[in-house]
Amino acid sequence: MIEISNSPSVLPVEGQSTPNISGYDVLKELGRGSFGKVCLARRHENDQQVAIKMMHSSPTQFAFMKKLLQKEYSLMKGLKHPNILQVFASGVTSQGLFYFGMELATMGSLDDLMLQKLTVKGFWTEERAKTIMFQAASGLNYLHSANLCHRDIKPDNIVFDYKAQVKIIDFGVAAYVPPGGLIHLLFLVILRIFIYYLCHKGGRRLFS
Numbered sequence: 001m002i003e004i005s006n007s008p009s010v011l012p013v014e015g016q017s018t019p020n021i022s023g024y025d026v027l028k029e030l031g032r033g034s035f036g037k038v039c040l041a042r043r044h045e046n047d048q049q050v051a052i053k054m055m056h057s058s059p060t061q062f063a064f065m066k067k068l069l070q071k072e073y074s075l076m077k078g079l080k081h082p083n084i085l086q087v088f089a090s091g092v093t094s095q096g097l098f099y100f101g102m103e104l105a106t107m108g109s110l111d112d113l114m115l116q117k118l119t120v121k122g123f124w125t126e127e128r129a130k131t132i133m134f135q136a137a138s139g140l141n142y143l144h145s146a147n148l149c150h151r152d153i154k155p156d157n158i159v160f161d162y163k164a165q166v167k168i169i170d171f172g173v174a175a176y177v178p179p180g181g182l183i184h185l186l187f188l189v190i191l192r193i194f195i196y197y198l199c200h201k202g203g204r205r206l207f208s
C-alpha cells in the first residue's frame, strides 16, 4: 500500500534523481510504500495531470517488485468501471524501473477525510455516507462479478477524484478466483471501514 500525501510540497526522491519517463514530465512525488512510489506527472499528449506508480530500485528485491507491479497493472488494465481507478500505458523508466500511469485522485482517501472529520468534530450527512457506501459497493460488485477479489479493502484504498466520486485503488494483492468460488460479502466488507473507526477512534460519532 502506498501512502499518498495531500501536502503540496515536493517529497525528495531517496537516493535517486527525478525519474525520466518518455512522454511525461514528472512533477513531484506524492507518496511511497514498501515496494513503490506514486508521482504526479503531466502527459505530453494532452497536457493532462496524471499519477505514475513505479517500483523502487532496491537491487535485492528488484525482480520481485517488478513482478508485483506488472501483476497489478495486468489486473487493472482490463477493469472499466466508474468506481475503479483507471490505468493506462505501462513502460520502463530511464533507470529501468517498471511503471504505469493512472488517473489522478485529487481529493485524498477515505481515511484522510474521516480523520479530518474527527479532528474538526465535523459530521457527514447520512446521504453523503450512503453515497460513499453505494459507490464503493458498486465497484466491489463489479470486481466480484469478474471473479476478482481485491483482498485489501480499507479506507486508505478508497480515494476520491475531483468530482468527489469513489475510486478503489491498490490491486497489489488482488487475485482471481475460480467461477463460483467467490463469497460475496459486499456489505460486511464495506462495514469494516466504519467498524475500524468505531474501534480505533474511541467510538466517536462520524455522522450527524
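In the UniProt record's numbering, the protein residues as written are 1 to 208. Glycine is no exception: its CB is placed at the ideal position from the N, C-alpha and C atoms.
**Study point:** Range covered by the beta strand (DSSP E) that runs through Arg43
**Key:** To locate residue 43, count along the sequence shown from 1; it is residue 43. It spans 36-43 - the beta strand (DSSP E) in which Arg43 sits, taken as one unbroken run.
Review point. Would Gly23 count as contacting chain B if we go by Cβ distances under 8 angstroms?
Key: Judged by its chain identifiers, the structure shown contains no chain B, having just a single protein chain.
Check your understanding: Would you call the region 98-112 and the region 156-166 in contact, with 3 or more CB pairs under 8 angstroms?
Key -> Segment contact: the region 98-112 against the region 156-166, three or more CB-CB distances shorter than 8 angstroms; contact assigned.
Exercise for review: Look up Lys28 in the DSSP assignment and say whether it is helix, strand or coil.
Suggested key: Locating residue 28 in the sequence shown gives position 28, where the first residue counts as 1. Of the three classes helix, strand and coil, the one that applies to Lys28 here is strand, per DSSP.
Exercise for review: For the beta strand (DSSP E) holding Gln49, just list the boundary residues, first then last.
Suggested key: Locating residue 49 in the sequence shown gives position 49, where the first residue counts as 1. In the DSSP annotation of this structure, the continuous segment of the beta strand (DSSP E) that includes Gln49 starts and ends at 49-55.
Practice item. Whole angstroms is fine: what's the gap from Lys53's alpha carbon to Glu127's? Key: In the sequence shown, residue 53 corresponds to position 53, counting from 1. In the sequence shown, residue 127 corresponds to position 127, counting from 1. One C-alpha to the other measures close to 33 angstroms.
**Study point:** Proximity of Val38 and Glu103 at Cβ, strictly below 8 angstroms
**Key:** By 1-based counting over the sequence shown, the position of residue 38 is 38. By 1-based counting over the sequence shown, the position of residue 103 is 103. In this structure, Val38 keeps its C-beta atom at 8 angstroms or more from the C-beta atom of Glu103.
Point to revise | Asp47, buried or exposed, once every other Cβ within 10 Å from all chains shown has been counted against 16 | key: Within the sequence shown, residue 47 is the residue found at index 47, counting from 1. Counting Cβ neighbours within 10 Å, Asp47 comes out exposed, since fewer than 16 surround it.
Review point. Around the C-beta of Gly36, are 16 or more other C-beta atoms found within 10 angstroms, so that it is buried, or is it exposed?
Key: Locating residue 36 in the sequence shown gives position 36, counting from the first residue. Classification for Gly36: buried.
Point to revise | Helix, strand or coil at Lys167 [DSSP, three-state] | key: As a position in the sequence shown, residue 167 is number 167, starting the count at 1. In the three-state reduction of the DSSP assignment, Lys167 falls in the strand class.
**Study point:** Which of helix, strand or coil DSSP assigns to Ala175
**Key:** Position 175 of the sequence shown holds residue 175. Ala175 falls in the strand class under three-state DSSP.
Check your understanding: Beta-carbon separation of Asn20 and Ser94 under 8 angstroms?
Key -> Locating residue 20 in the sequence shown gives position 20, where the first residue counts as 1. Locating residue 94 in the sequence shown gives position 94, where the first residue counts as 1. Cβ atoms of Asn20 and Ser94: closer than 8 angstroms.
Exercise for review: Mind the definition here: the region 20-30 touches the region 71-79 only if three or more C-beta pairs lie below 8 angstroms; say whether that holds.
Suggested key: Judged by pairs of C-beta atoms under 8 angstroms, the region 20-30 does not touch the region 71-79, as fewer than three such pairs exist.
Exercise for review: Determine the DSSP secondary structure at Ile153, reduced to helix, strand or coil.
Suggested key: Numbered from its first residue, the sequence shown carries residue 153 at position 153. DSSP, read as helix, strand or coil, puts Ile153 in coil.
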